[in-house]
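Visitor: Numbering (UniProt numbering), first residue to last: 1 to 218.
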């Protein structure tokens with residue numbers, strides 16, 4: 001609901017224009033918040049790895065420090081893996097038809113405002129590709145056709161998705177408002193999640209709870 005003080009006028013913005021500007025400002029604030037959270041989590045992960053390395057040295061589990069892999073191929077894979085993680089954190093947990101999405105071409109005439117206004121699969125794929133190109137550095141745009149590059153990127157997304165799902169499951173007591181005793185049984189948690197026990201090759205869900213969205217069609 002737009003404030004009447006901002007109603008249409010000769011010198012003012014129209015109500016539609018005001019709503020568009022407010023939505024844009026809100027999206028920008030959310031994006032900045034997500035970016036700060038991602039950086040914080042990344043730094044926290046580095047600290048945890050440093051502590052683990054230190055403990056390994058104290059307990060004697062590691063007789064000698066691991067040699068850092070400085071090969072260009074390995075460094076590139078880690079960079080792309082991080083891009084995939086960041087994309088999953090800031091944009092979406094998964095891509096529909098990922099290979100078809102990466103096969104899209106940059107379309108200068110594409111209007112990102114149409115991304116969610118159409119159920120057309122072509123529009124959806126273009127929208128996903130547009131988001132990808134905004135997160136992948138320009139000097140890597142020509143590598144999106146490389147199947148290895150795609151695998152690294154999607155592996156990063158999958159790892160971030162699994163990490164997020166694990167964090168949510170660790171807070172199941174707060175989410176479901178159940179006692180720890182009642183949730184000690186894995187089957188009880190799966191039932192609340194909307195899990196249907198099937199083979200790992202054909203996981204399906206029922207829409208009984210928002211958490212069931214963590215389990216997608218494999």
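For glycine and all other residues, C-beta sits at the position ideal for the given N, C-alpha and C.
It should be emphasised that the depicted structure is a prediction, and the values quoted were computed from it without experimental measurement.
1) Helix, strand or coil for residue 150? Go by DSSP, reduced to three states.
2) Quick one, which of 114, 119, 158 and 76 has its alpha-carbon nearest residue 140's?
3) Based on Cα-Cα distance, which residue from 109, 117, 74 and 85 lies nearest to residue 162?
4) So, residue 164 versus residue 88, is the Cβ gap smaller than 9 angstroms?
5) Should residue 121 and residue 97 be called a contact, given that it needs their Cβ atoms to be closer than 9 angstroms?
6) Do residue 135 and residue 127 have their beta-carbon atoms positioned less than 9 angstroms apart in this structure?
7) Of the choices 43, 152, 90 and 44, whose alpha-carbon is the least far from that of residue 32?
8) DSSP state of residue 155, grouped into three classes?
9) I need the straight-line Cα distance from residue 62 to residue 46, nearest angstrom please.
10) What is the rounded straight-line gap between the Cα of residue 157 and the Cα of residue 107?
11) Straight-line CA distance for residue 26 to residue 82?
12) Kindly indicate the opening and closing residues of the alpha helix (DSSP H) around residue 73.
13) My guess is that residue 101 and residue 129 are in contact by the Cβ rule of under 8 angstroms, so how many angstroms apart are they, rounded?
14) Smallest Cα separation from residue 152: which of 14, 74 and 20?
15) In this structure, how does DSSP classify residue 32 when only helix, strand and coil are distinguished?
16) Output needed for residue 159: all residues of its chain with C-beta closer than 7 angstroms, excluding positions within five of it in sequence on either side, in chain order.
17) Alpha carbon to alpha carbon, what distance is there between residue 43 and residue 59?
Guide: Quick look at the numbers:
1) helix
2) 76
3) 85
4) yes
5) yes
6) no
7) 90
8) helix
9) Note that residue 62 scores a pLDDT of 47, beneath 50, so its modelled location is shaky; the value from the coordinates is reported in the next line. If I take the Cα positions, the gap works out to 18 angstroms.
10) 24 angstroms
11) 26 angstroms
12) 72-90
13) 5 angstroms
14) 74
15) helix
16) 85
17) Confidence at residue 59 is low in this model, with a pLDDT of 47, below 50, so the placement of that residue should be treated as unreliable; the coordinate-derived value is given next. About 25 angstroms.
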